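Single-structure report; data block below.
Number of protein chains: 2
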Amino acid sequence: MRIAIDAMGGDNAPEATVEGGLAAAAEWKDTEIVLVGDQGRIEPLLEGKQVPSNLTLRHASEVIDAEDEPVRAVRRKKDSSMVVAGRMVKEQEAHAMISAGNTGALMTTGLLVVGRMEGIERPALAPMIPTLDDLGVLALDLGANMDAKPEHLAQYAQMGSLYRQKVHNIAEPRVGLLNVGTEAGKGNELTKLAYPLLEQLPIRFVGNVEARDVLTGNCDVLVCDGFAGNILLKAMEGTAGAIFSLLKEQFTKSLKTKLAAAMLMPELRGLKNKLDYTEHGGAPLLGLSGLVVKSHGSADANAVKNAVRQARIALQNRLVESISKEISGK
Amino acid sequence: MRIAIDAMGGDNAPEATVEGGLAAAAEWKDTEIVLVGDQGRIEPLLEGKQVPSNLTLRHASEVIDAEDEPVRAVRRKKDSSMVVAGRMVKEQEAHAMISAGNTGALMTTGLLVVGRMEGIERPALAPMIPTLDDLGVLALDLGANMDAKPEHLAQYAQMGSLYRQKVHNIAEPRVGLLNVGTEAGKGNELTKLAYPLLEQLPIRFVGNVEARDVLTGNCDVLVCDGFAGNILLKAMEGTAGAIFSLLKEQFTKSLKTKLAAAMLMPELRGLKNKLDYTEHGGAPLLGLSGLVVKSHGSADANAVKNAVRQARIALQNRLVESISKEISGK
Numbered sequence: 001m002r003i004a005i006d007a008m009g010g011d012n013a014p015e016a017t018v019e020g021g022l023a024a025a026a027e028w029k030d031t032e033i034v035l036v037g038d039q040g041r042i043e044p045l046l047e048g049k050q051v052p053s054n055l056t057l058r059h060a061s062e063v064i065d066a067e068d069e070p071v072r073a074v075r076r077k078k079d080s081s082m083v084v085a086g087r088m089v090k091e092q093e094a095h096a097m098i099s100a101g102n103t104g105a106l107m108t109t110g111l112l113v114v115g116r117m118e119g120i121e122r123p124a125l126a127p128m129i130p131t132l133d134d135l136g137v138l139a140l141d142l143g144a145n146m147d148a149k150p151e152h153l154a155q156y157a158q159m160g161s162l163y164r165q166k167v168h169n170i171a172e173p174r175v176g177l178l179n180v181g182t183e184a185g186k187g188n189e190l191t192k193l194a195y196p197l198l199e200q201l202p203i204r205f206v207g208n209v210e211a212r213d214v215l216t217g218n219c220d221v222l223v224c225d226g227f228a229g230n231i232l233l234k235a236m237e238g239t240a241g242a243i244f245s246l247l248k249e250q251f252t253k254s255l256k257t258k259l260a261a262a263m264l265m266p267e268l269r270g271l272k273n274k275l276d277y278t279e280h281g282g283a284p285l286l287g288l289s290g291l292v293v294k295s296h297g298s299a300d301a302n303a304v305k306n307a308v309r310q311a312r313i314a315l316q317n318r319l320v321e322s323i324s325k326e327i328s329g330k
Numbered sequence: 331m332r333i334a335i336d337a338m339g340g341d342n343a344p345e346a347t348v349e350g351g352l353a354a355a356a357e358w359k360d361t362e363i364v365l366v367g368d369q370g371r372i373e374p375l376l377e378g379k380q381v382p383s384n385l386t387l388r389h390a391s392e393v394i395d396a397e398d399e400p401v402r403a404v405r406r407k408k409d410s411s412m413v414v415a416g417r418m419v420k421e422q423e424a425h426a427m428i429s430a431g432n433t434g435a436l437m438t439t440g441l442l443v444v445g446r447m448e449g450i451e452r453p454a455l456a457p458m459i460p461t462l463d464d465l466g467v468l469a470l471d472l473g474a475n476m477d478a479k480p481e482h483l484a485q486y487a488q489m490g491s492l493y494r495q496k497v498h499n500i501a502e503p504r505v506g507l508l509n510v511g512t513e514a515g516k517g518n519e520l521t522k523l524a525y526p527l528l529e530q531l532p533i534r535f536v537g538n539v540e541a542r543d544v545l546t547g548n549c550d551v552l553v554c555d556g557f558a559g560n561i562l563l564k565a566m567e568g569t570a571g572a573i574f575s576l577l578k579e580q581f582t583k584s585l586k587t588k589l590a591a592a593m594l595m596p597e598l599r600g601l602k603n604k605l606d607y608t609e610h611g612g613a614p615l616l617g618l619s620g621l622v623v624k625s626h627g628s629a630d631a632n633a634v635k636n637a638v639r640q641a642r643i644a645l646q647n648r649l650v651e652s653i654s655k656e657i658s659g660k
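Residue numbers (this note's numbering), protein chains in the order written: chain B, 1 to 330; chain S, 331 to 660.
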């Protein structure tokens with residue numbers, strides 16, 4: 001199989017993408033890694049390194065930045081590393097692409113370059129949210145679709161369930177609906193209408209899940225519209241971040257607290273990592289006609305390599321074909 | 331002024347409500363406190379106590395429970411302590427009512443018994459969310475209105491701004507819109523349409539506020555629909571709760587960590603209280619023709635007394651009249 005990496009995407013590109021690509025190519029000999037990006041910047045990073053024969057370079061002259069307006073950037077920068085990688089997937093030159101670049105632009109590349117899967121109205125971005133049991137929950141949509149219809153939520157449920165089966169080997173993933181109460185009649189118009197649709201699907205629907213219970217991991221897939229998902233994820237991030245800064249502040253108040261805090265450092269660091277969702281791998285864009293994985297903007301080489309690992313498992317287990325079969329019967 | 335307390339509402343009723351009512355009456359001699367509820371249960375709690383002359387008892391034979399279905403309970407239990415207190419406000423026998431009971435039933439009592447203010451489509455429940463600077467942010471709506479229209483959000487903004495002025499003495503409260511990004515064009519259909527409406531109001535609109543920034547207190551009033559507000563608040567609660575349980579768990583791992591944690595206990599407890607939104611007083615129901623304050627379900631005597639304090643300030647500063655003037659010009 002062949003996996004294209006947008007070598008210019010992300011805060012640490014191209015160093016992290018090149019290093020991650022090298023590590024992936026070295027580990028998985030059956031996988032061709034194509035680094036897509038500026039030859040003049042990538043080649044120096046490969047010099048003096050042991051470059052495996054299954055790693056190649058595809059030159060792309062442009063770069064989409066974090067500040068670029070997504071649709072405009074994808075339309076104009078036709079020779080950007082992200083769009084070229086997307087085109088490779090579209091034209092089946094690559095089986096999957098990975099990017100740590102501009103999220104909106106990657107969603108747009110998915111829609112406009114790779115293309116939607118037949119029968120899917122809205123592809124969804126599906127990151128893992130960390131949970132206390134370290135297993136995480138796949139939440140979708142956390143992308144650019146702010147106003148979802150009940151039917152979209154139903155498709156998210158099916159796609160998320162298949163992803164957890166195929167990539168994480170969970171036989172019957174528990175699918176929950178993000179809502180304001182656990183009872184069936186609760187919610188806004190969207191979730192009230194989505195509930196009976198989810199009940200009818202061939203998935204293990206476990207009902208409504210409240211925002212306060214997400215961290216305890218009572219479902220494997222959490223279905224929500226992009227607006228509610230954003231509020232959820234950012235509230236969790238913001239609260240965890242604020243508590244850790246406060247702890248730091250409180251613990252450096254006096255010599256006594258400093259000493260005590262130093263003794264607890266390994267525990268605190270472990271806790272922080274547990275709740276850091278950048279640690280939890282790449283997020284697939286589900287509902288496209290090819291496999292696209294979004295790596296976190298601050299991804300390091302290890303995160304890039306992990307995204308390759310994820311993509312390999314998804315490809316080996318024919319994720320895209322399974323979703324297509326489930327959704328459109330083809 | 332006269333303030334009715336639903337003496338049977340809340341997890342700690344009637345003990346906490348009676349004790350809180352006694353304390354309030356003792357402190358504010360200019361305020362008549364009316365305890366509304368079951369005479370047979372309240373009187374024994376007053377026995378042997380110094381009962382101030384400005385505290386009276388109004389018998390009500392029924393109680394609305396936490397499990398009662400709100401609309402049904404309010405319609406049927408006409409002699410419940412909550413409904414009787416609401417009727418006192420409606421009939422101007424009391425200037426305000428306070429209840430720690432069933433939130434949905436209290437919203438319904440507000441709508442059906444006290445009545446909406448002219449020009450208001452949807453009254454809003456407006457609790458304080460704790461912030462790191464300890465000043466808190468008034469968030470609305472966090473009530474039963476799951477599907478808001480842009481015009482409702484605009485009314486929330488006006489009412490919240492007036493509340494902060496009148497009750498918290500903030501000259502120009504900063505009003506933010508809960509959204510997925512700070513730029514003006516961001517959001518779902520609702521927030522995109524609400525943004526220009528908020529810009530036109532005679533308030534200090536500071537733009538969009540992301541969920542991760544709520545805790546840092548960059549606004550005094552946070553406007554949102556009930557669904558998004560619920561996700562926000564419960565995600566914050568859930569994350570804080572989970573982190574504190576994890577800390578506890580990690581800190582009791584070994585003798586060393588136990589000792590260190592014990593030294594940090596006062597700091598940890600302070601931090602926990604800072605983020606505990608039950609500490610932050612009662613939540614007004616704004617947009618009714620009278621003043622209704624929701625105290626937290628687990629309110630103790632002190633919380634009940636604090637709710638009376640809040641109600642007094644709101645009455646003294648003619649909050650309801652100000653909102654009416656602003657909204658309907660009357």
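Idealized CB from N, CA, C, for every residue including glycine. The structure displayed is predicted, hence computed values, not measured ones.
Per DSSP, what kind of secondary structure is residue i in: helix, strand or coil?
i, result
"Ile363 of chain S", "strand"
"Ser625 of chain S", "coil"
"Ser289 of chain B", "coil"
"Glu118 of chain B", "coil"
"Ser584 of chain S", "coil"
"Ser61 of chain B", "coil"
"Asn509 of chain S", "strand"
"Thr191 of chain B", "helix"
"Ala353 of chain S", "helix"
"Leu589 of chain S", "helix"
"Glu93 of chain B", "coil"
Measure the Cβ-Cβ separation of residue i and residue j and say whether it is below 8 Å.
i, j, result
"Ser411 of chain S", "Gly339 of chain S", "yes"
"Ala23 of chain B", "Pro70 of chain B", "no"
"Ala641 of chain S", "Ala346 of chain S", "no"
"Val36 of chain B", "Ile5 of chain B", "yes"
"Asn102 of chain B", "Asp65 of chain B", "yes"
"Leu125 of chain B", "Lys294 of chain B", "yes"
For residue i, which residues from the same chain have a beta carbon less than 6 Å from its beta carbon, with the 5 sequence-adjacent residues on both sides left out?
i, result
"Lys330 of chain B", "Ser324"
"Ala371 of chain S", "Just to set this straight, residue 371 of chain S is Arg in the shown sequence, not Ala. Counting only Cβ-Cβ distances below 6 Å, and skipping sequence neighbours, we find Pro344."
"Gly207 of chain B", "none"
"Gln646 of chain S", "none"
Which residues in chain B have a C-beta closer than 8 Å to the C-beta of residue i? List them in chain order.
i, result
"Thr587 of chain S", "Met263, Leu264 and Glu267"
"Gln580 of chain S", "Leu264, Glu267, Leu268, Gly270 and Leu271"
"Ala558 of chain S", "Phe227, Ala228 and Ile231"
"Val467 of chain S", "The contacting residues do not exist; Val467 of chain S stays about 13 Å from chain B at best."
At 9 Å on the CB atoms, spell out the chain B contacts of residue i, in chain order.
i, result
"Arg542 of chain S", "Leu233, Lys234, Ala235, Met236, Glu237, Gly238, Thr239, Gly241 and Ala242"
"Val536 of chain S", "Within chain B, no residue comes near Val536 of chain S; the closest Cβ sits about 17 Å away, beyond 9 Å."
"Leu462 of chain S", "Ala242, Ser245 and Leu246"
Starting from residue i, find everything on chain S with Cβ-Cβ shorter than 8 Å and list it in chain order.
i, result
"Lys78 of chain B", "Correct list: empty, because the minimum Cβ distance to chain S is about 25 Å."
"Ala194 of chain B", "Near Ala194 of chain B there are no residues of chain S at all, since even the closest Cβ is about 13 Å away, more than 8 Å."
"Lys253 of chain B", "Glu597"
"Glu189 of chain B", "Met476 and Asp477"
Across which residues does DSSP place residue i in a beta bridge pair?
i, result
"Arg204 of chain B", "B:Arg174"
"Arg2 of chain B", "B:Glu32"
"Val137 of chain B", "B:Ile129"
"Val539 of chain S", "S:Leu508"
"Val663 of chain S", "Residue 663 of chain S cannot be examined here, being either before or after the span of chain S that is shown, 331 to 660."
"Leu55 of chain B", "B:Ile33"
"Ala478 of chain S", "Beta-bridge pairing links Ala478 of chain S to no other residue."
Does the beta carbon of residue i come closer than 8 Å to any beta carbon on chain C?
i, result
"Gly160 of chain B", "Among the protein chains of the structure shown, namely B and S, there is no chain C."
Excluding five sequence neighbours on each side, which residues of the same chain lie with their C-beta closer than 8 Å to the C-beta of residue i?
i, result
"Arg204 of chain B", "Ser161, Glu172, Pro173, Arg174 and Val175"
"Thr361 of chain S", "Met331, Arg332, Ile333, Ala354, Ala355, Asn384, Val638 and Arg642"
"Asp409 of chain S", "Ala390, Ser391 and Glu392"
"Gly181 of chain B", "Gly187, Asn208 and Glu210"
"Met117 of chain B", "Pro123, Gly287, Leu288, Ser289, Val320, Ile323, Ser324, Ile327 and Ser328"
Quick one: which chain S residues come within Cβ less than 9 Å of residue i?
i, result
"Met128 of chain B", "Ordered by position in chain S, no residue passes the 9 Å Cβ test against Met128 of chain B, which lies about 16 Å from the chain."
Which residues in the same chain have their Cβ closer than 7 Å to the Cβ of residue i, if we skip the five residues on either side of it in sequence?
i, result
"Ile120 of chain B", "Gln155, Gly287 and Ile327"
"Ala299 of chain B", "Gly10, Asn12, Ala16 and Ala100"
"His95 of chain B", "Met1, Arg2, Ile3, Leu291 and Leu315"
So which residues on chain B does residue i lean against when the C-beta distance must stay under 7 Å?
i, result
"Ala590 of chain S", "Ala260, Met263 and Leu264"
"Val539 of chain S", "Here the premise fails: no neighbours, minimum Cβ distance about 10 Å."
Would you say residue i touches the ligand COA, meaning its beta carbon is less than 7 Å from a heavy atom?
i, result
"Lys258 of chain B", "Ligands are entirely absent from the displayed structure, and the ligand COA is therefore not among its contents."
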